[in-house]
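Numbering (UniProt numbering), first residue to last: 1 to 107. Glycine included, every Cβ here is placed at the ideal spot set by N, Cα and C. Data block below; observations after.
Following this line, the structure appears as structure tokens:
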């Protein structure tokens, strides 16, 4: 699936908690491909129940690339929270932990 095909899909292809500015999704697509981005959404969604670090083994990416993916996801989830969109509970906990003063962005 190309990026154009990904964006041509109905808006409901992504759950409300993952709908973000286009540049965030395009950035994920560049790193994982559109299919990989959708797989990541499935893994970290309610049904998958994984946090982004737990989903990492399902993808073959360099550590620095995965760090960037996690920062993008943090930005998306923080934005959705700011707009009062309910996040899956496990992602809310992950995001809150990452925002704490003792948690490194790269853990």
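{"query": "For residue 66, the nearest candidate out of 23, 16, 91, 36 (CA to CA)", "result": "36"}
{"query": "Residue 51 vs residue 87 beta-carbon contact at 8 Å", "result": "no"}
{"query": "Residue environment, residue 93, which counts as buried when at least 16 other CB atoms sit within 10 Å", "result": "exposed"}
{"query": "Test item: CB-CB of residue 15 and residue 45 under 8 Å", "result": "yes"}
{"query": "Start-end ranges of the alpha helix (DSSP H) lying completely within the region 50-97, minimum 4 residues", "result": "52-55, 63-82"}
{"query": "Euclidean distance between Cα positions of residue 39 and residue 96", "result": "23 Å"}
{"query": "C-alpha distance - residue 82 paired with residue 60, whole-angstrom precision", "result": "31 Å"}
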